[in-house]
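Participant: Each residue of the sequence shown is one higher than the last, beginning at -15 in my numbering.
From the three backbone atoms N, C-alpha and C, an ideal C-beta is built for every residue, glycine too.
Once you've had a glance at the structure underneath, I'll fire off some questions.
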Amino acid sequence: MSYNTNTIFDKSTPVVTNIIIINVLMLIASKAFNLYSFALFYPSSPFFQPYQFITHMFMHGGIFHLVFNMYALWMFGKILEKTWGSQRFFLYYFVTGLGAAALYTLVNYFQLSSIQSHINPEILESMKSLLSQELRYSSTDFYINQWYDLINVYVVGASGAVFGVLLGFGMLFPNTVLQLLFPPVRLKVKYFVMIYGAIELYLAINNPVGGGIAHTAHLGGMIFGFILIKIWGKKRNVFY
């Protein structure tokens, strides 16, 4: 996609540039070394570390995942950084990224709590013991397998923060026109954001991690971005 302003050809901004560089370097490092410990695991997982709430934002599943996120960050993020300044944009980016991780973790908490209510406590303790040894409890029980899948799943990527950036751009520049590739139509960014938000809400409710995509994290980035912008208050009355 592209939008109808000349700013897309402007030079990038320092925070956006450094975030992109770090993400590229982390992808290269993850291919050379086993860096799964930097991904975000559920807090009760034996693989969880508190620093993962930060490090997972710089990890990606592959080149296409990275390119999609970094292109969107470069396109929309540099405009926000020029508008707010680097310090405020830096804060916004990390608040939305951490907010995305927080909502994703909260949704997993409710899912796991529901599943655990169907599992015998003694069996659950046995499973946790085996999990700490990276072993799997052999079972055909639906709830046990669901528990293992959720406790072992991890999330990587800057998508939560990038969705927050998209939301921020839509709130500050709602009438900017996007030229979409698929479908090939022109659409104001405010409508694009609303449509994307509605899709993510639907997917978050019906399939929170469908296809390996953490839809609740995307939604969390947008929600926390909206809240933060409302706290700051809009300091301009003219939009483009």
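Would you mind working out which of VAL146, GLY209, VAL137, ILE103 sits nearest TYR127, comparing C-alpha positions?
Facilitator: ILE103
Participant: Helix, strand or coil for ASN136 per DSSP?
Facilitator: In the structure shown, ASN136 sits in a helix (DSSP, three-state: H, G or I).
Participant: By how many angstroms is the C-alpha of LEU9 removed from the C-alpha of ILE3?
Facilitator: 10 Å
Participant: Would you call LEU90 buried or exposed, if buried means 16 or more other Cβ atoms sit within 10 Å of its Cβ?
Facilitator: exposed
Participant: Taking the straight line between their C-alpha atoms, what separation do you get for TYR146 and GLN100?
Facilitator: Reading the sequence as shown, one finds Val at residue 146 and not Tyr. One C-alpha to the other measures close to 33 Å.
Participant: I'd like the span of the alpha helix (DSSP H) that includes VAL51, first residue to last.
Facilitator: 47 to 56
Participant: Using 8 Å as the threshold, is the segment 139 to 157 in touch with the segment 65 to 80, meaning 3 or more CB pairs across them?
Facilitator: yes
Participant: So is SER14 buried or exposed if we call it buried at 16+ other beta carbons inside 10 Å?
Facilitator: buried
Participant: Within this structure, are the beta carbons of PRO(-2) and SER70 separated by less than 8 Å?
Facilitator: yes
Participant: My output table needs one value for TRP216: the three-state DSSP class, helix, strand or coil.
Facilitator: helix
Participant: Using only alpha-carbon positions, find the residue among TYR138, ALA56, PHE73 that is nearest to SER28.
Facilitator: TYR138
Participant: Closer than 7 Å by C-beta to THR1: which residues in its own chain qualify, once you throw out the five before and the five after it? Chain order, please.
Facilitator: none
Participant: My understanding is that HIS40 touches PHE22, with C-beta atoms under 8 Å, so please give their C-beta distance in whole angstroms.
Facilitator: 7 Å
Participant: If you draw a straight line from the alpha carbon of SER173 to that of GLU106, how long is it in whole angstroms?
Facilitator: Note on residue identity: the sequence assigns Val, not Ser, to residue 173. Cα to Cα, VAL173 sits roughly 53 Å from GLU106.
Participant: Just to check my reading of the structure: ASN7 and LEU50 have Cβ atoms closer than 8 Å, yes? What is that Cβ distance to the nearest angstrom?
Facilitator: 6 Å
Participant: When the distance is taken between beta carbons, is GLY205 closer than 8 Å to GLY144?
Facilitator: For the pair GLY144 and GLY205, the CB atoms are nearer than the 8 Å cut-off.
Participant: To the nearest angstrom, report how far apart LEU64 and SER113 are at their CA atoms.
Facilitator: One alpha carbon belongs to LEU64, the other to SER113, and they sit about 47 Å apart.
Participant: Which full runs of the alpha helix (DSSP H) of 4+ residues lie inside the segment 69 to 106, going along the chain?
Facilitator: 70 to 100
Participant: Buried or exposed, going by whether 16 or more other CB atoms sit within 10 Å of the CB of ALA182?
Facilitator: The residue is exposed, with fewer than 16 neighbouring Cβ atoms inside 10 Å.
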